[in-house]
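**Q** Got a structure here, written out as structure tokens. Questions coming.
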DNA sequence: TCACGATATGTTTAATTTTGCATATCGAAA
DNA sequence: TTTCGATATGCAAAATTAAACATATCGTGA
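Residue numbers (my numbering), protein chains in the order written: chain A, 1 to 124; chain B, 1001 to 1124.
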């Protein structure tokens, strides 16, 4: 009641982003990189994952290097050469990281969605 | 157990950001603008709020215009002139918006924090 | 009616990201 | 041993964003 947010509210989209950084505020791992790791695992290829997500190989490669430098150990096992040119798979550590982030996300997704719906309701 | 994320995990900082946009993916209202609205309300001045948050007046002014254009009605009541130069306060709609966002945030903050702690625990 | 300080807004510059381009490396398979 | 396609990486170009700069407007109180 009261304020008429009518007509506009239904076109509002919610977004949120979770990420982690080191003490110097440098972004380490967030939704984008997490998604990329998952897709690399699925596709078995860095290039294929980039193509699908529409990121440039150059950029992604740089991002992945940052993550690995931060954690101090490889999340990816990269192979060059071969008739297929090479491939990339997650290491055991990489899989564990992705899995933990999956769990984290799952635990907040529903709460965020519910909170957003309540937010909209509050404005009506 | 297993993976040794030791030594680095304690320096990881969690960040998250919630925002809303229109259908064209243009950012409308998010944590930064929400904080700005709250501070304007508190200070009664756009300039004072910018100074405190370290944003330029120009940038903030542009942001606020975007928000109002999207919602279609004023969130702020601005006054120019007078010995004090002018002042800005939230309209009733503006207050309601801020309050709804406050509630929204409060409902997700704790869940995010808990989820993050579990994430770290999962990696150990 | 003059001065003052905040709001209003165009223009321009600087900083930051992202993209694009080029080129090298690698190694299994043909 | 030649080929092929993915990984590796520097560097320049382009695009996006933010900061700076410059003025104009406004209206109350002195």
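C-beta: ideal position from N, C-alpha, C; glycine also.
Please state whether the Cβ-Cβ distance between residue 1060/B and residue 1046/B is less than 8 Å.
**A** Yes, the pair counts as a contact, with Cβ atoms nearer than the cut-off.
**Q** Across the stretch 72-91 of chain A and the stretch 13-24 of chain A, are there enough close Cβ pairs to call them in contact, namely three or more that are closer than 8 Å?
**A** With the cut-off at 8 Å, the stretch 72-91 of chain A and the stretch 13-24 of chain A do not touch.
**Q** State the DSSP-derived secondary structure class of residue 60/A, mapped to helix, strand or coil.
**A** Residue state, collapsed to three classes: helix.
**Q** Who are the neighbours of residue 1115/B on chain A, taking C-beta pairs under 7 Å?
**A** Simply 104, 107, 108.
**Q** Runs of 4 residues minimum, wholly inside the stretch 9-58 of chain A: which ones carry the alpha helix (DSSP H) assignment?
**A** Counting only runs of 4 or more, we get 31-43, 46-53.
**Q** Quick one: what does DSSP say residue 1103/B is sitting in, helix, strand or coil?
**A** Helix.
**Q** Where do the ends of the beta strand (DSSP E) carrying residue 1124/B lie?
**A** Element bounds for residue 1124/B: n/a, residue is neither H nor E.
**Q** Residue 51/A versus chain B: which residues are under 9 Å apart at the beta carbon?
**A** None at all; the shortest Cβ gap to chain B is about 22 Å.
**Q** Which value, in whole angstroms, describes the spacing of the CA atoms of residue 62/A and residue 1069/B?
**A** Straight-line Cα distance between these residues: approximately 38 Å.
**Q** In three-state terms, what does DSSP make of residue 97/A?
**A** Helix at residue 97/A.
**Q** Considering Cα atoms alone, identify which of 36/A, 41/A, 9/A, 44/A is closest to residue 56/A.
**A** Residue 56/A has its Cα closest to that of 36/A, out of 36/A, 41/A, 9/A, 44/A.
**Q** Among 1100/B, 1049/B, 1096/B, 1015/B, which residue has its Cα nearest to the Cα of residue 118/A?
**A** Ranking the options by Cα distance to residue 118/A, first place goes to 1100/B.
**Q** Nearest by alpha-carbon distance to residue 1106/B: which of 1031/B, 1048/B, 1091/B is it?
**A** Among 1031/B, 1048/B, 1091/B, the Cα nearest to that of residue 1106/B belongs to 1031/B.
**Q** Go to residue 88/A, then tell me how far its beta strand (DSSP E) extends in each direction, as first and last residue.
**A** Where residue 88/A is concerned, the enclosing beta strand (DSSP E) stretches over 86-90.
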